[in-house]
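Residue 1 is where the sequence shown starts when you use full-length UniProt numbering, and the numbers rise one by one after that.
Virtual Cβ for every residue (Gly too), placed ideally from N, Cα, C.
Right, one structure below, let's go through it.
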Amino acid sequence: MRSFDFAPLYRASIGFDQIADLLDRVSAHEGGQSSYPPYNIEKTGEDGYRISIAAAGFSEADLEIEVKEKTLNVSAHKPKAEDNKTYLHRGIATRAFERQFHLADHVRAVGASYEDGMLHIDLIREVPEALKPRRIQIQSKSPLQVEASPA
Numbered sequence: 001m002r003s004f005d006f007a008p009l010y011r012a013s014i015g016f017d018q019i020a021d022l023l024d025r026v027s028a029h030e031g032g033q034s035s036y037p038p039y040n041i042e043k044t045g046e047d048g049y050r051i052s053i054a055a056a057g058f059s060e061a062d063l064e065i066e067v068k069e070k071t072l073n074v075s076a077h078k079p080k081a082e083d084n085k086t087y088l089h090r091g092i093a094t095r096a097f098e099r100q101f102h103l104a105d106h107v108r109a110v111g112a113s114y115e116d117g118m119l120h121i122d123l124i125r126e127v128p129e130a131l132k133p134r135r136i137q138i139q140s141k142s143p144l145q146v147e148a149s150p151a
């Protein structure tokens, strides 16, 4: 496991302590998470993202998408069926899976679609107006100074 020293970050910035938690969580899961099923994460616009998961062999009813506490959970469970087929080679995996994606602040899932064995989940980052940059006007007198009234 890797160890990171965040002391320089803490000396020069405020409110970035969540980064340390995120890096610890990622490094803890580095070797433990399966590569099944394969997936892509793409940037579709300035504030848009799309996660595409290869889910061949599953129907829409077998797939479940849930967002809980800034975590996007995608899972698939195929009901056991009586399969009397004899396979000479079985290369299409249809085993159950669960995949988690940690979402940044103000990122939310806006839709999902399933087409040609690919599950697409669209996400968007919506920064609230209160957090967007704004200009502060400079005045010649400070509004906090109390003007003395003439006697």
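Asked	Found
Close Cβ partners of TYR39 (< 8 Å) along its chain, the five nearest in sequence each way excluded	ILE51, SER52, ILE53, ALA54, ARG99
Whether ARG108 touches GLU126 by CB criterion (8 Å)	yes
Within 8 Å, strictly: CB atoms of HIS77 and ALA96	yes
Of the residues VAL74, TYR114, HIS89, the one placed nearest GLU60, counting alpha carbons only	TYR114
Contact belief for LEU123 with VAL110 at Cβ below 8 Å, rounded distance in angstroms	7 Å
Beta bridge counterpart(s) of ALA112 as assigned by DSSP	ILE121
Where ALA104 sits in the DSSP three-state scheme	coil
Reduced DSSP secondary structure (H/G/I, E/B, other) of LEU88	coil
Beta-ladder partner(s) of GLY57, from DSSP	According to DSSP, which records beta bridges pairwise, GLY57 is partnered with nothing at all.
Those residues which DSSP pairs with LEU72 across a bridge	VAL67, PHE101
Close Cβ partners of THR94 (< 6 Å) along its chain, the five nearest in sequence each way excluded	GLY57, LYS78
Pair within 8 Å by beta-carbon distance, HIS102 and LYS68	no
Residue interval of the beta strand (DSSP E) (run including LYS43)	39-43
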